[in-house]
Amino acid sequence: MHKKLQPKLLPPKTLQMKGISPRTMQEHDKLYEGYVNKVNETRKQLASIDVSKGNPSYSSVRELKRSAKALKDRSRFKIFG
34 MHKKLQPKLL PPKTLQMKGI SPRTMQEHDK LYEGYVNKVN ETRKQLASID
84 VSKGNPSYSS VRELKRSAKA LKDRSRFKIF G
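For what it's worth, this note's numbering labels the leading residue of the sequence shown as 34, then goes sequentially.
If you want it as structure tokens, here you go:
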């Protein structure tokens, strides 16, 4: 079982960046938190799948792993952590 991920807190100094408004940074942080929550949800679903019920044309395991990787890549975009 994977360790549940926790979103990193938005450092206060990021709200004072030149050229990027505090509102933009707060909205970006909300998206980041959503990505982290979705990764946790996807990992939980992966842990509960019965792999013996897969079929050659569609695999829910493959789809969830693809989703988890995409979300993980997006969450790395957080520019301050």
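Note that CB positions come from ideal geometry on N, CA and C, so glycine has one too.
Residue i by DSSP, collapsed to three states: which one?
| i | result |
| --- | --- |
| HIS35 | coil |
| LYS51 | coil |
| TYR91 | coil |
| ASP62 | helix |
| LEU97 | helix |
| LYS46 | helix |
| LYS41 | coil |
Quick check: what's the CA-CA separation for residue i versus residue j?
| i | j | result |
| --- | --- | --- |
| ASP10 | LYS71 | Examination of residue 10 is not possible in this model, given that the chain is present from 34 through 114 alone. |
| LEU35 | ARG99 | Strictly speaking, residue 35 in this sequence is His, with Leu absent from that position. Between HIS35 and ARG99, the C-alpha separation is close to 16 Å. |
| GLU74 | PRO44 | 25 Å |
| ARG95 | LYS46 | 40 Å |
| GLN49 | PRO40 | 20 Å |
| SER93 | GLY87 | 7 Å |
| TYR65 | SER90 | 32 Å |
| PHE113 | ARG76 | For PHE113, the predicted structure reports a pLDDT of 43, less than 50, and the residue's modelled location is therefore unreliable. The matter cannot be settled from this model. |
For my contact list, residue i and residue j are in at a C-beta cut-off of 8 Å; report their separation, rounded to the angstrom.
| i | j | result |
| --- | --- | --- |
| VAL69 | LEU38 | 5 Å |
Three-pair Cβ contact test at 8 Å for the segment 41-54 versus the segment 72-88: no
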